[in-house]
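K.L.:
In this note's numbering, the protein residues as written are 3 to 317.
Each residue gets a CB set at the ideal place from its N, CA and C atoms; glycine is no exception.
Since this is a predicted model, take the numbers as computed values, not measurements.
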Ligand code: SER
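(1) Do you know how far the Cα of residue 204 is from the Cα of residue 286?
(2) How big is the Cα-Cα spacing for residue 189 and residue 102?
(3) Would residue 72 and residue 113 qualify as a contact pair, given that the criterion is a beta-carbon distance under 8 Å?
(4) Over the uninterrupted alpha helix (DSSP H) stretch that includes residue 309, give me the two end residues.
(5) Going by C-alpha to C-alpha distance, which of 255, 164 and 144 sits closest to residue 267?
(6) Check whether the Cβ atoms of residue 77 and residue 19 lie closer than 8 Å to each other.
(7) Assuming residue 54 and residue 37 form a contact by the criterion Cβ under 8 Å, report the distance between their Cβ atoms to the nearest whole angstrom.
(8) Assess contact between the segment 163 to 170 and the segment 272 to 281, defined as three or more Cβ pairs (one per stretch) separated by less than 8 Å. Is contact present?
(9) Between residue 168 and the ligand GTP, is there a pair consisting of the residue's CB and a ligand heavy atom that are separated by less than 7 Å?
(10) Residue 369: beta carbon under 7 Å from a heavy atom of the ligand SER?
(11) Let's test the definition: count the other Cβ atoms within 10 Å of the Cβ of residue 209 and tell me whether it reaches 16, buried, or not, exposed.
(12) Below 6 Å CB to CB, which residues in the same chain sit around residue 240 once its five sequence neighbours on both sides are set aside?
(13) Can you tell me whether residue 252 is buried or exposed? The criterion is at least 16 other CB atoms within 10 Å of its CB, across all chains shown.
(14) Return the Cβ separation of residue 313 and residue 248 in integer angstroms, given the expectation that the two are a contact with Cβ distance under 8 Å.
(15) Could you tell me the boundaries of the beta strand (DSSP E) in which residue 214 lies?
(16) Please check the pair residue 264 and residue 196, which I expect to be a contact at CB under 8 Å, by giving their CB distance rounded to whole angstroms.
(17) Could you tell me how far apart the beta carbons of residue 122 and residue 148 are, in whole angstroms, since I believe they sit closer than 8 Å?
(18) Per the contact definition of three or more C-beta pairs closer than 8 Å, is the segment 289 to 304 in contact with the segment 230 to 246?
(19) Can you find the residues in the same chain that come closer than 6 Å, C-beta to C-beta, to residue 280, ignoring five residues on each side of it along the sequence?
(20) Curious, which full-length beta strand (DSSP E) runs of at least 3 residues does the segment 139 to 172 contain?
(21) Measuring alpha carbon to alpha carbon, tell me which residue in 250, 315 and 218 is nearest residue 23.
(22) From the DSSP secondary-structure annotation, give me the bridge partner or partners of residue 73.
(23) Ignoring anything shorter than 3 residues, give me the beta strand (DSSP E) runs that lie fully in the segment 20 to 76, in order along the chain.
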């Protein structure tokens, strides 16, 4: 029986991943670990919740010991725009936090899922059809921590046999919990504003193409990779995974097909623009497809239809 800890369980991905894992493995077998933000009633009432600050190794070890955890989904992280504003914090959470989790996993024999990101690439990476193995010289603190994290996870597998696995997530679009300070957040906000005001002011410029994915596919990627046959995993950590690639004009057009009055203008954030320019336009995710059968269910049109339906009810 799996006993799972999710760190960052109150965050954008963690809040939905925890619920998906509870549905799959049983409510009592999935511990939600959060830090400051108050968890939703749904998260609190459906299974165990613990305060876990991943920068405190004793706190991580205590929860793993208490619940006899064998699998950690380590979602606690600082996103790209916040990391540029607070680089020391980003290093501490994204690197020291991950290192603590890996150390605890080594001691208590846990498998570890860690997301990397399109942010692990940089301006010298081929940005179209970005290969699985390629140049990674990111120029953001977020990217520095993500590449280091990929290497650290590889190291813990090779050196200590810790069952580490991970994907490079693109921008994730969801309707449950808002993302906290990423470069790709516009692709979430645009749907909220389309419903609320039929108008959106975009902080990335037209032509800023980035890989994106709808949350159900992001959850599927994490769970499928952790359930994959380890014999078949050649790359193990940091698989490129993507579902779609678009720029602000294309997502706006997709919304306009459902809400014809929707209008968008621009007020470009120079920090986010500079970050986006160094990230892939579209990744090659064939290694994930070959090694563990990755295949997304949602394209842009299917995602837009679902986002607008869910958010119309919610807002
Ligand atoms: N969505 C993330 C960010 O923008 C990318 O991994 O920071």
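P.N.:
Based on what the coordinates show:
(1) Sequence index remark: in the chain shown, residue 286 carries index 284 (1-based). Sequence index remark: in the chain shown, residue 204 carries index 202 (1-based). In a straight line, the C-alpha of residue 286 is about 27 Å away from that of residue 204.
(2) As a working note, residue 189 is residue 187 in the chain shown. As a working note, residue 102 is residue 100 in the chain shown. The straight-line gap from Cα to Cα measures roughly 32 Å.
(3) Within the chain shown, numbered from 1, the residue matching residue 72 stands at position 70. Within the chain shown, numbered from 1, the residue matching residue 113 stands at position 111. Yes, these two residues count as a Cβ contact at 8 Å.
(4) Within the chain shown, the letter at position 307 stands for residue 309. Segment 302 to 316, the alpha helix (DSSP H) holding residue 309.
(5) Residue mapping note: residue 267 aligns to position 265 of the chain shown, counting from 1. It is 255.
(6) The count along the chain shown starts at 1 and reaches residue 77 at position 75. The count along the chain shown starts at 1 and reaches residue 19 at position 17. Yes, Cβ-Cβ distance for residue 77 and residue 19 is below 8 Å.
(7) One-based indexing of the chain shown puts residue 54 at position 52. One-based indexing of the chain shown puts residue 37 at position 35. Right, their Cβ atoms sit about 7 Å apart.
(8) no
(9) In the structure shown, the ligand GTP is absent; the only ligands present are the ligand SER.
(10) The question about residue 369 has no answer, for the chain in this structure spans 3 to 317.
(11) Taking the first residue of the chain shown as position 1, residue 209 is located at position 207. Counting Cβ neighbours within 10 Å, residue 209 comes out exposed, since fewer than 16 surround it.
(12) Locating residue 240 in the chain shown gives position 238, where the first residue counts as 1. Same-chain partners within the cutoff: 118, 152, 168 and 170.
(13) Translated into the one-based positions of the chain shown, residue 252 becomes position 250. Residue 252 should be labelled exposed.
(14) Indexing the chain shown from 1 puts residue 313 at position 311. Indexing the chain shown from 1 puts residue 248 at position 246. Rounded, the Cβ-Cβ distance is 18 Å, inconsistent with contact.
(15) On the chain shown, position 212 is the one that residue 214 refers to. 212 to 216 is the span of the beta strand (DSSP E), which, as asked, contains residue 214.
(16) In the chain shown, counting from the first residue as 1, residue 264 sits at position 262. In the chain shown, counting from the first residue as 1, residue 196 sits at position 194. Right, the Cβ-Cβ distance comes to about 5 Å (below 8 Å), so this counts as a contact.
(17) For the purposes of this step, residue 122 is identified with residue 120 of the chain shown, where counting begins at 1. For the purposes of this step, residue 148 is identified with residue 146 of the chain shown, where counting begins at 1. Sure, about 4 Å apart at Cβ, within 8 Å.
(18) yes
(19) The count along the chain shown starts at 1 and reaches residue 280 at position 278. Excluding positions up to five away in sequence, the list reads 124, 125 and 141.
(20) 169 to 171
(21) Here the question's residue 23 lines up with position 21 in the chain shown. For the residues 250, 315 and 218, the minimum Cα distance to residue 23 belongs to 218.
(22) On the chain shown, residue 73 is found 71 positions in, with the first residue counted as 1. Bridge partners of residue 73: 6 and 113.
(23) 32 to 36, 51 to 53 and 73 to 76
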